[in-house]
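J.: Attaching a single structure in structure tokens format; questions to follow.
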DNA sequence: GCTTGTTTCTTAGCAAGCTAATAATATATA
DNA sequence: TATATATTATTAGCTTGCTAAGAAACAAGC
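Chains as they are written, first to last, in this note's numbering: chain P, 1 to 140; chain Z, 1001 to 1140.
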């Protein structure tokens, strides 16, 4: 078995295409790839703590901290100390981020369509199910 | 259509699992994830230029330059100016890297097995074919 | 109340991606 | 030959991931 014929080798290649493609798409909105994931969670529930975001995104606290900081520097969010628990910083959406919600969704779905355009509906569904298996099994 | 139910959202999650898992595996050999890809190409043909490596790995020259530099700092490779073309730096394997070849292959195939252990042989083949489609279509 | 441990955030530092810009060399063209 | 263009490598600077180590605040037990 040759290494560059393995599924993981191919997976790494496609992963790269995905990441840079997604990044390029979101940069058009003045945002970066990772930041969009945080906003997405805040659209669902505003004022979440960093640890909540970290758990939901399967990222470490420092990673989230970085992204929140840069979102803050660009006035997309603002952090406030929680009154009930002084350790917690709650992250809140600013108008500039709220305005972008629809545009982000549009771009995201457009990217989704482009990236998977070579697959039929059925194939895409199969891919989804395979990825779910990988996630639930390996992400334990 | 909700964004966190899209295939691209799931893809991002699995991508993360993949990258950190692969990294952890290779760190056990004193190498990092990206460096292993370069060594892999050099095992096939020693003395390649950075631009050749960049093209084959679908990475940019600065990315390759970084990785080659750190491989060099750890005595896995050595770079020499090409005599026929003064712009080109040819990258050569050092004994320390050659010794690791079999171990890397072993680790890689082990990771491959672990990461895709939730899939049957058939499912893995299907995944491979779907990824190939994505690669050949989106990576144009 | 004090100590001990836990949780949350933060900082520092690194790898691996990228873009943009520069230097050095080759090549092609006038 | 001289000038313009290509190519290769590099540097600087950014985002997104990580780990390790620290600070600050809370919770529990003595």
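Glycine residues also receive a C-beta, built at the ideal position from the N, C-alpha and C atoms.
Quick caveat, the model's predicted, so the values are computed rather than measured.
Put residue 1069 of chain Z into one of helix, strand or coil per three-state DSSP.
T.: Here residue 1069 of chain Z is taken as the residue at index 69 of the second chain, counted from 1. Helix.
J.: Could you check the C-alpha separation between residue 32 of chain P and residue 80 of chain P for me, to the nearest Å?
T.: Numbered from its first residue, the first chain carries residue 32 of chain P at position 32. Numbered from its first residue, the first chain carries residue 80 of chain P at position 80. Spanning the two alpha carbons is a distance of roughly 23 Å.
J.: Any residues in the region 1046-1061 of chain Z with a beta carbon nearer than 7 Å to a beta carbon of chain P? Which ones, in chain order?
T.: Those would be 1058, in chain order.
J.: Can you check the region 1008-1087 of chain Z for any alpha helix (DSSP H) of at least 4 residues that lies completely inside it and give the ranges in chain order?
T.: Runs found: 1033-1044, 1050-1057, 1061-1073.
J.: Note the first and the last residue of the continuous beta strand (DSSP E) segment covering residue 116 of chain P.
T.: Locating residue 116 of chain P in the first chain gives position 116, counting from the first residue. Run containing residue 116 of chain P: none; DSSP gives neither H nor E here.
J.: Could you say which of Z/1008, Z/1018, Z/1009, Z/1010 lies nearest to residue 12 of chain P if we only look at CA atoms?
T.: Walking along the first chain from the start, residue 12 of chain P turns up at place 12. The candidate whose alpha carbon is nearest that of residue 12 of chain P is Z/1018.
J.: Is residue 1092 of chain Z close to chain P, meaning its C-beta is less than 8 Å from at least one C-beta of that chain?
T.: Position 92 of the second chain, counted from the start, is the residue given in the question as residue 1092 of chain Z. Judged by the 8 Å Cβ criterion, residue 1092 of chain Z is not in contact with chain P.
J.: Could you say which of P/65, P/53, P/52, P/28 lies nearest to residue 108 of chain P if we only look at CA atoms?
T.: The residue given as residue 108 of chain P occupies position 108 in the first chain. With distances taken between Cα atoms, residue 108 of chain P lies closest to P/28.
J.: What separation, rounded to the nearest whole angstrom, lies between the Cα atoms of residue 1100 of chain Z and residue 2 of chain P?
T.: On the second chain, position 100 is the one that residue 1100 of chain Z refers to. On the first chain, position 2 is the one that residue 2 of chain P refers to. Roughly 16 Å separates the two Cα atoms.
J.: Tell me the residue span of the beta strand (DSSP E) that contains residue 1089 of chain Z.
T.: By 1-based counting over the second chain, the position of residue 1089 of chain Z is 89. Its beta strand (DSSP E) spans residues 1089-1093.
J.: For a test of the three-state rule: what should DSSP assign to residue 4 of chain P, helix, strand or coil?
T.: Taking the first chain and counting its residues from 1, the one referred to as residue 4 of chain P is at position 4. If DSSP states are grouped into helix, strand and coil, residue 4 of chain P belongs with the helices.
J.: Identify the contact partners of residue 141 of chain P in chain Z, using a Cβ-Cβ distance below 7 Å as the criterion.
T.: Within the shown structure, residues of chain P are numbered from 1 to 140, placing residue 141 of chain P beyond reach of any answer.
J.: How about residue 122 of chain P: is its C-beta nearer than 8 Å to some C-beta of chain Z?
T.: Numbered from 1 along the first chain, position 122 holds the residue referred to as residue 122 of chain P. No, residue 122 of chain P lies away from the interface with chain Z (no Cβ there is under 8 Å from its Cβ).
J.: Should the region 121-128 of chain P be called in touch with the region 86-104 of chain P, which here means at least 3 C-beta pairs below 8 Å?
T.: Cβ pair count under 8 Å is below three, so no.
J.: Between the alpha carbons of residue 96 of chain P and residue 76 of chain P, how many angstroms are there, rounded?
T.: Walking along the first chain from the start, residue 96 of chain P turns up at place 96. Walking along the first chain from the start, residue 76 of chain P turns up at place 76. Distance between the alpha carbons of residue 96 of chain P and residue 76 of chain P: 6 Å.
J.: I want to verify the contact list: residues of chain Z whose CB lies under 8 Å from the CB of residue 24 of chain P, in sequence order.
T.: Counting from one through the first chain, the residue named residue 24 of chain P turns up at place 24. Those within 8 Å of residue 24 of chain P in chain Z number zero; the least Cβ separation is about 12 Å.
J.: Report yes if the C-beta distance between residue 1042 of chain Z and residue 1093 of chain Z is below 8 Å; otherwise report no.
T.: Stepping through the second chain from its first residue, residue 1042 of chain Z is reached at position 42. Stepping through the second chain from its first residue, residue 1093 of chain Z is reached at position 93. Taking 8 Å as the Cβ cut-off, residue 1042 of chain Z and residue 1093 of chain Z qualify as a contacting pair.
J.: Whose C-beta lies closer than 7 Å to the C-beta of residue 1127 of chain Z among residues of the same chain, with five residues either side of it excluded?
T.: Against the second chain, residue 1127 of chain Z aligns to sequence position 127. Around residue 1127 of chain Z: 1119.
J.: Quick one: residues in its chain with C-beta nearer than 6 Å to the C-beta of residue 39 of chain P, no 5 flanking neighbours on either side, listed in chain order?
T.: As a first step, residue 39 of chain P is located in the first chain; it is residue number 39 there, counting from the start. So the qualifying residues of the chain are 97.
J.: Give the C-beta separation of residue 14 of chain P and residue 1131 of chain Z to the nearest angstrom, bearing in mind that I take them to be a contact with Cβ-Cβ under 8 Å.
T.: Along the first chain, one-based indexing puts residue 14 of chain P at 14. Along the second chain, one-based indexing puts residue 1131 of chain Z at 131. Contact flag correct, Cβ pair sits at about 5 Å.
J.: Using beta carbons (cut-off 8 Å, strictly below), is residue 1071 of chain Z in contact with chain P?
T.: Along the second chain, one-based indexing puts residue 1071 of chain Z at 71. Closer than 8 Å: no.
J.: Would you call the CB atoms of residue 112 of chain P and residue 1136 of chain Z closer than 8 Å?
T.: Residue numbering aside, residue 112 of chain P sits at position 112 when the first chain is read from its first letter. Residue numbering aside, residue 1136 of chain Z sits at position 136 when the second chain is read from its first letter. Contact flag unset, no.
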